[in-house]
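For reference, the structure is listed below as structure tokens.
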Ligand code: FES
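In the numbering used here, the protein residues as written are 221 to 511.
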């Protein structure tokens, strides 16, 4: 690796290596960012809380007996995962400690495969399998680049400084994202009370998707007993579920997750670790509104 230049590490890569580095580096950085900016990820009261997720995975993973030990330290595990994803993303994008980052990324993908996507069916719907293969391919390409030569182990001083600066940006990003998520939680739900649909257009037995006050997709039901609604965001990896009128379930298209809308959004099958969160809705006058 030429000294003093992160850009040089990209110039030295062939096209296939650059594509893999860009895709994996960005995805890992974004993974960390998404966790940091998700107000429910570290919220113990939320069904999306990392502890609830670990508990759910421990029931279906072949290493469930091992995962159970982490439930009581779930918040620390969540923060660690988030920072690891940021660090791997930054390292892969900058090319500093690249081989170590690739090995770390492969280990994380392997861990996610054996816990989160273990039950994905068919198997190719489990994204972690593909990421693991991408990490292995990237490692092979990088080794090929240094064939016959020792890969640089010591980071040149100037790059170290550059790396510290980038790490500062990463840490700043985490703090900003966490601050943003806290602020978001403290804001009033401005759209509460907003009309979703007129009763005349939504008779008993109807179902529809709509946008909830927090901007997420939701599914509304009207039965003889009244109206109720759930988040349409799957508690596994965030795909949008839809109502299946023949099985009377909410089905996730990504990994076969299935929820029961007539029983509190409970998980009926697949990898989702928690039920779908509920949204408050009510009948007011001639319409159904967000409550
Ligand atoms: S996102 Fe995996 S089952 Fe829904």
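C-beta atoms are modelled at their ideal positions from N, C-alpha and C, and glycine is treated no differently.
Distances from the CA of residue 245 to each of 297, 323, 311 and 285 were compared; the closest alpha carbon is that of 311.
When DSSP reads this structure, residue 478 sits in a beta bridge with 471 and 489. The Cβ atoms of residue 456 and residue 345 lie no closer than 8 Å to each other. For residue 304, the enclosing alpha helix (DSSP H) begins and ends at 294-314. Nearest C-alpha to residue 290 among 303, 233 and 275: 275.
In terms of side-chain proximity, the C-beta atom of residue 273 is found no nearer than 7 Å to any non-hydrogen atom of the ligand FES. For the ligand FES, no non-hydrogen atom lies closer than 7 Å to the CB of residue 254. Within the segment 330-355, no alpha helix (DSSP H) run of at least 4 residues lies entirely inside it. Here residue 508 carries a strand assignment [DSSP, helix/strand/coil]. For residue 448, the enclosing beta strand (DSSP E) covers residues 446-451. By the CB criterion at 8 Å, residue 421 and residue 506 fall outside the cutoff. DSSP places residue 418 within a strand segment (E or B) once states are collapsed to three. Out of 247, 478, 433 and 453, the CA that lies nearest to the CA of residue 509 is found in 433.
The beta carbon of residue 492 sits closer than 7 Å to at least one heavy atom of the ligand FES. The C-beta of residue 241 has 16 or more other C-beta atoms within 10 Å across all chains shown, which makes the residue buried. Counting the other Cβ atoms within 10 Å of the Cβ of residue 286 gives fewer than 16, which makes it exposed.
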